[in-house]
Amino acid sequence: MLDQPTNERRLTIARAMAEAMQQEMQRDPTVFVMGEDIGGFGGIFGNTRGLFEEFGKERVRDTPISETGFISAAVGAAMDGMRPVVELMFVDFFGVCFDAIYNQMAKNTYFSGGNASVPMVLMTSTGGGYSDAGQHSQCLYGTFAHLPGMKVVSPSNAYDAKGLMTAAIRDDNPVVYMFHKGLQGMGWLGTEAGATVNTPEEEYTVEIGKAKVVRKGTDVTLVGLAMGVHNALKAADKLAEDGISAEVVDLVSLVPLDRETVINSVAKTGRLIVVDEDYHSYGVSGEIIATVTEHDISKLKASPARVTFPDVPIPYARHMEQFCLPNPDKIVAAYRKM
Amino acid sequence: MKPTKEQSLWMYETMVVSRRFEEAIEKIYLEGKTPAFNMASGPIPGEMHLSNGQEPVAVGVCAHLDANDIVTATHRPHHQAIAKGVDLKKMAAEIFGKSTGLSGGRGGHMHLIDPAVNFSCSGIIGESCGPACGAALSRKMQNKPGVAVAFLGEGAANQGAFHEALNLAGAWNLPVVFVIEDNSWGISVPKSEVTAVARNDVRAAGYDMPGHYIPGNDPYAIFNIAGEAIARAREGKGPTLIEVETYRLAGHFMGDAEQYRPKGEKEALFAKDPIPKMRERLIAEGHAAESLDMLEKRAEARVAEAISFARDSEYAPETDALTAVFV
Ligand SMILES: Cc1ncc(C[n+]2csc(CCOP(=O)(O)OP(=O)(O)O)c2C)c(N)n1
Ligand SMILES: [Mg+2]
Numbered sequence: 001m002l003d004q005p006t007n008e009r010r011l012t013i014a015r016a017m018a019e020a021m022q023q024e025m026q027r028d029p030t031v032f033v034m035g036e037d038i039g040g041f042g043g044i045f046g047n048t049r050g051l052f053e054e055f056g057k058e059r060v061r062d063t064p065i066s067e068t069g070f071i072s073a074a075v076g077a078a079m080d081g082m083r084p085v086v087e088l089m090f091v092d093f094f095g096v097c098f099d100a101i102y103n104q105m106a107k108n109t110y111f112s113g114g115n116a117s118v119p120m121v122l123m124t125s126t127g128g129g130y131s132d133a134g135q136h137s138q139c140l141y142g143t144f145a146h147l148p149g150m151k152v153v154s155p156s157n158a159y160d161a162k163g164l165m166t167a168a169i170r171d172d173n174p175v176v177y178m179f180h181k182g183l184q185g186m187g188w189l190g191t192e193a194g195a196t197v198n199t200p201e202e203e204y205t206v207e208i209g210k211a212k213v214v215r216k217g218t219d220v221t222l223v224g225l226a227m228g229v230h231n232a233l234k235a236a237d238k239l240a241e242d243g244i245s246a247e248v249v250d251l252v253s254l255v256p257l258d259r260e261t262v263i264n265s266v267a268k269t270g271r272l273i274v275v276d277e278d279y280h281s282y283g284v285s286g287e288i289i290a291t292v293t294e295h296d297i298s299k300l301k302a303s304p305a306r307v308t309f310p311d312v313p314i315p316y317a318r319h320m321e322q323f324c325l326p327n328p329d330k331i332v333a334a335y336r337k338m
Numbered sequence: 001m002k003p004t005k006e007q008s009l010w011m012y013e014t015m016v017v018s019r020r021f022e023e024a025i026e027k028i029y030l031e032g033k034t035p036a037f038n039m040a041s042g043p044i045p046g047e048m049h050l051s052n053g054q055e056p057v058a059v060g061v062c063a064h065l066d067a068n069d070i071v072t073a074t075h076r077p078h079h080q081a082i083a084k085g086v087d088l089k090k091m092a093a094e095i096f097g098k099s100t101g102l103s104g105g106r107g108g109h110m111h112l113i114d115p116a117v118n119f120s121c122s123g124i125i126g127e128s129c130g131p132a133c134g135a136a137l138s139r140k141m142q143n144k145p146g147v148a149v150a151f152l153g154e155g156a157a158n159q160g161a162f163h164e165a166l167n168l169a170g171a172w173n174l175p176v177v178f179v180i181e182d183n184s185w186g187i188s189v190p191k192s193e194v195t196a197v198a199r200n201d202v203r204a205a206g207y208d209m210p211g212h213y214i215p216g217n218d219p220y221a222i223f224n225i226a227g228e229a230i231a232r233a234r235e236g237k238g239p240t241l242i243e244v245e246t247y248r249l250a251g252h253f254m255g256d257a258e259q260y261r262p263k264g265e266k267e268a269l270f271a272k273d274p275i276p277k278m279r280e281r282l283i284a285e286g287h288a289a290e291s292l293d294m295l296e297k298r299a300e301a302r303v304a305e306a307i308s309f310a311r312d313s314e315y316a317p318e319t320d321a322l323t324a325v326f327v
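Sequence lines, in order, name chains W and P. First residue of the first sequence: 1, per my numbering; consecutive thereafter. First residue of the second sequence: 1, per my numbering; consecutive thereafter.
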């Protein structure tokens, strides 16, 4: 990956997230964490490990299974001077608590004419690939990014994971922090090795709203986020074997969306493939393609393509789910068809 | 209300079927997952929530139901499904992700739906409650017999959906019974840390319905109270809330290291395993050990048959993933 200081400390995304929270909690007494099993258990996906031991149950608060209650409580606390980091264990569970998120968290700043702020982080896991079926495997990036008033980020590696978490906690706006289970570094989820990277011990931020060119190329632009970036990087390797040079853009942030980086890349390559594990229609992939075509369609040498999850609930059986998920071969095939 | 001889033998045999089923699933689940535990691998992938120890709740309640009655269940659904009469072969095949499964492999272990016996479940905590109210309402509107039972965990009783559904049931006088399986844990979080009341039966008062708490994971006590509640619902007298103390002998899900359990808790729970306890009671009541052995053998054979059926079945074509979104 580009743009990373060299050091010897490789962290998983789970540990990088926990370290960012730990440092912010040490720095700022208004930061606290709450959610289900985030205390002594350390989070189902390991991202709060160690916090309970250091900060105790007042600031690392196990909640009842009451997402509407505790997420709207975070909104209230955030508007009253605290900086809550609240976990929705799986993004799929947004269904039971979305009002707290999109009608309160996302709108109160606007409703106050900018006089009130809601400085909170909603962290939530996304993604499938391990047969957890239709209520535990979704991404829903587009669903969250569609609704105005909340920033939305999703790291593809531990370096960004730490810097984004720090930036999200310090941000005076609500930030939805979506972490992909397959990148967490939890072996039981069949983790992607490329997500575990060098991560500085000292605190730093990664800018929210800035995409990264993580591989330079000239023939085609592959755009993705989170797991999509790793699929794109593997596809780029395969394309390179045939002498095709793919550029890979990691969106990092969906809101704000760094349209310029995408546009500049496609202006150079003339071809665009968007990789998105979210459902095909009405989502990130359509938005990226619209961004490029609206700006200057003449830059495109071929119709843009997208490799996405088909518009069906996520199936349980492994072979069916794998059939639906994006993968490097599908990206290569999409390029061949251009 | 006391079970007849037939009913108590049915309860016992069904508990044994359920336990043997879970033991078989547990073993197969680990196939392909050692030495490194990766949830995605093996013949049964994904999350797995076993019901070992919670069988008394399922059988004590379902002994009073027939296929026409409705059950909505949870993310830990196997014992409830088995007691409700869901086809064991199709259920096993579903858990293997095979074409012969209840949904042809689309739903999996947390999403078992069997319209033939009016059974469904959901992996979203608290979401058994609303659909049970709706089914009960539907029976009332269609003037058809039948009651609905919603199973949920004690953790789910803190979910808004539970409280809204109880109010609906109370306000509309619905033929529905809410049965909370209190295993005292929601994953790693103890009930006492996150629940404003010690026992959820007291919450019934807020929704103008009777509430009962049943200690001891005792199938006979559950049979008794559930029987009264279900009879009450059938007579049009409205809903009931029941909380049952039960034991989760397994981890929350397979792979759970259970470090959050206090020392000795597991051993103490195993000592209270409801299945040997019921066997002892049946023997004390005069049932011959050999006849119980026979029931156990029959239960084992049923499970073995279902598991072989599942193993021997084919996977559906992968393109089936794209069908059945709509009818
Ligand atoms: C809405 C929602 N929130 C959180 C979860 C994650 N989750 C799955 S099981 C569980 C604990 C449930 O506890 P309880 O209701 O007591 O049932 P038990 O697992 O003990 O049978 C949690 C929090 C979920 N599936 N759905
Ligand atoms: Mg429980």
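C-beta atoms are modelled at their ideal positions from N, C-alpha and C, and glycine is treated no differently.
Among the residues of the stretch 178-200 of chain P, those with a Cβ less than 7 Å away from any Cβ of chain W are Gly-186, Ile-187, Ser-188, Val-189, Glu-193, Val-194, Thr-195, in the order of the chain. By the rule that beta-carbons nearer than 9 Å mark a contact, Gln-80 of chain P does not touch chain W.
By the rule that beta-carbons nearer than 9 Å mark a contact, Met-110 of chain P touches chain W. Ligand 2 has a heavy atom closer than 8 Å to the beta-carbon of Asn-183 of chain P. Looking at the backbone, the Cα of Gly-129 of chain W and that of Ser-137 of chain W are separated by about 8 Å. Counted as a single uninterrupted DSSP element, the beta strand (DSSP E) harbouring Tyr-177 of chain W occupies residues 175-180. Taking Pro-3 of chain P as the centre and dropping the five residues before and after it, the same chain places the C-beta of Phe-223 closer than 6 Å to its C-beta, in chain order.
Take Ala-24 of chain P, set aside five residues on each side of it, and the residues of its chain with a beta-carbon closer than 6 Å to its own are Val-303, Ile-307, in chain order. Taking a Cβ-Cβ cut-off of 7 Å, the neighbours of Asp-132 of chain W in chain P comprise Gly-46, Glu-47, given in sequence order.
Distance between Glu-321 of chain W and Ala-116 of chain W, taken at the CA atoms: about 44 Å. Between ligand 1 and Arg-261 of chain P, a heavy atom-to-CB distance of less than 8 Å is absent. Taking 8 Å as the upper bound on Cβ-Cβ separation, chain P lies near no residue of the stretch 271-293 of chain W. Shortest gap from the CB of Glu-154 of chain P to any heavy atom of ligand 2: under 8 Å.
Taking the C-beta atoms as reference points, Leu-233 of chain W is found nearer than 9 Å to Val-248 of chain W.
In this chain, Ser-125 of chain W is not harboured by any alpha helix (DSSP H); it is covered by the beta strand (DSSP E) spanning 121-126.
Taking 8 Å as the cut-off, one finds no heavy atom of ligand 2 near enough to the beta carbon of Lys-140 of chain P. For Lys-212 of chain W, there is no enclosing alpha helix (DSSP H); the residue is part of the beta strand (DSSP E) that begins and ends at 212-215.
In the pairwise beta carbon analysis, the stretch 35-42 of chain W is classified as touching the stretch 174-193 of chain P: at least three pairs are separated by under 8 Å.
Against chain P, the CB of Met-320 of chain W has a partner CB under 9 Å away; the residue lies at that interface.
At a cut-off of 9 Å, the C-beta of Gln-135 of chain W has a neighbouring C-beta in chain P. Residue burial annotation: Met-141 of chain P is exposed, with fewer than 16 other C-beta atoms found within 10 angstroms of its C-beta. Each residue's CA atom was taken as its position, placing Phe-178 of chain P and Val-292 of chain W some 54 Å apart.
Taking C-alpha positions only, Lys-330 of chain W is separated from Ser-192 of chain P by approximately 50 Å. Around the beta carbon of Gln-259 of chain P, fewer than 16 other beta carbons lie within 10 angstroms, which makes this residue exposed.
With a beta-carbon spacing of about 5 Å, Ile-71 of chain W and Cys-97 of chain W fall inside the 8 Å limit used to define contacts. Taking non-hydrogen atoms of ligand 1 into account, the C-beta of Gly-186 of chain P is found less than 8 Å away from one of them. Ala-135 of chain P carries a helical assignment under DSSP once its states are collapsed to helix, strand and coil. When the alpha-carbon of Ile-242 of chain P is set against those of P:Phe-253, P:Ala-205, P:Glu-164, P:Lys-266, the nearest one is in P:Ala-205. Relative to the non-hydrogen atoms of ligand 1, the Cβ of Asp-37 of chain W comes within a distance shorter than 8 Å of at least one.
In the DSSP assignment, Gly-142 of chain W falls within the alpha helix (DSSP H) that extends over 141-146. Ranked by Cα distance from Ala-116 of chain P, the options P:Asn-200, P:Gly-126, P:Met-91 are led by P:Met-91. Not a single CB atom of chain W sits nearer than 9 Å to the CB of Arg-279 of chain P. Among the residues of the stretch 249-281 of chain P, those with a Cβ less than 7 Å away from any Cβ of chain W are Gly-255, Tyr-260, in the order of the chain. Excluding sequence positions up to five before and after Glu-300 of chain P, its CB lies within less than 7 Å of the CB of Arg-20, all in the same chain and listed in chain order. Taking the Cβ of Arg-248 of chain P as the reference point, at least one heavy atom of ligand 2 falls within a distance shorter than 8 Å.
Residue contact check for Ala-306 of chain P against chain W: no CB pair falls below 9 Å.
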